[in-house]
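In what follows, a single structure is set out as structure tokens and then discussed.
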Amino acid sequence: MDQGQAMASVFHGAARDPENALRLNAQLSEQEPERAQDYGSYLVAAFTRAGEFSQAAAFAAESAPEVRVDWLNAAYSRWAGDQPQAALEHLGKLSNREIRQMAFDAAVSHWAQNKPREVAEYALTLSDGREREFALNAALRAWSSADAVEAATWMGRFEPSPHLDFGAAMIASQPEAMRHPQIATSWAESITDPRLRVAILASVVNEWALTDPVAARHYAEFSPRIWAEDRAGVLFAFEPDFHPISLLP
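In this text, residue positions in the sequence shown follow our numbering: the first is -7, and each later residue adds one.
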């Protein structure tokens, strides 16, 4: 066992008594200030492994700015993996807006990796704003990558809207959808944001042209489903200096 593993084990044992663990961290950080960041990382990891999520979150929220993002991510992502509702309830009480946003992003991102449908449904309960958009985008990114058909079926319940633009773009950009141009273009056409719609349509057409250039060009030039103001942008897909947009992780 190397020194790092040994120290992690020490903190893990101490985490069963949070006050003792905090004292240990303070003592070691005072003795070796150059390793204070390492000790803080050990403490956050130990708290989360011991299920002391609120302790990990509180310590991370009060940490120095240069480590705060990493420690908040570690604390809330692990918490959301086990107890997403508790994590959200806790971060909702944070008074510092910047810290609350970082905690929200960490919790929702990790939750979405495990339960994208739950996060998508949760996002719909939020009022319009950054948190709703972030949660829905995180859910649809993870969901479309894991099961594009299921994600598309869920999205099919709703009319096209700005809230679903990113999800539609993600589904259209999936390799499986790209192998079926009619499906990919249909999702791309449903995007309400003009710039994103053109970028995704052009990317789909560019990929389509690799296997069937005649059909791809015919669609780009003549399809009535392409808005007149979008057509030039879609046709740019055939230019040598065109670069497809990438939304995949």
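The C-beta atom is built at its ideal place from N, Cα and C for all residues, glycine as well.
The distance from the Cβ of Asp222 to that of Pro186 is about 7 Å, consistent with a contact at the 8 Å cut-off.
Comparing alpha-carbon positions, the option among Ala220, Ile175, Trp219 and Ser182 lying closest to Trp200 turns out to be Ile175. According to the DSSP assignment, Ser21 belongs to the alpha helix (DSSP H) that extends over Pro10 to Gln23. In the displayed model, Asp233 falls within coil according to three-state DSSP, outside both helix and strand. Residues Leu132 and Met147 of the same chain have their beta carbon placed closer than 6 Å to that of Gly159, with the five preceding and five following residues left out of the count. At the C-beta level, Ser46 and Tyr31 stay beyond 9 Å of one another. In this structure, the beta-carbon distance from Leu86 to Ala56 does not fall below 9 Å. Between the alpha carbons of Pro108 and Thr117 lies a distance of about 15 Å. Of the residues Ser178, Ala37 and Gln23, the one whose Cα lies closest to the Cα of Ile192 is Ser178. If you compare the alpha carbons of Met94, Gln75 and Ala220 with that of Trp63, the shortest gap goes to Met94. By alpha-carbon distance to Ile91, the top candidate from Asn198, Tyr68, Ala208 and Ser165 is Tyr68. Scanning its chain for C-beta atoms nearer than 7 Å, with the 5 sequence neighbours on each side dropped, one finds around Ala115 the residues Arg124, Ala127, Leu128 and Ala131, in chain order. When C-alpha distances from Arg70 are compared across Arg209, Glu11, Gly84 and Arg41, the shortest belongs to Arg41. Distance from the CA of Glu11 to the CA of Pro76, rounded to the nearest whole angstrom, comes to 25 Å.
In this model, Thr203 and Val190 are separated by some 21 Å (Cα to Cα).
Listed in chain order, the non-local C-beta contacts of Phe228 below 8 Å within the same chain comprise Ala194 and Phe234, local neighbours out to five positions each way being set aside. In the three-state scheme derived from DSSP, where H, G and I count as helix and E and B as strand, Thr184 is classed as coil. Excluding its 5 nearest sequence neighbours in each direction, Val36 has C-beta neighbours in its own chain below 8 Å: Ala48, Phe51, Ala52, Trp63, Ala66 and Ala67, listed in chain order. For Gly43, the three-state secondary structure derived from DSSP is coil. Secondary structure note for Gln93: its alpha helix (DSSP H) is the uninterrupted segment Arg89 to Asn106. Spanning the alpha carbons of Ile237 and Ala13 requires a straight line of approximately 47 Å. DSSP, reduced to helix, strand and coil, places Glu110 within a helical segment of the structure shown.
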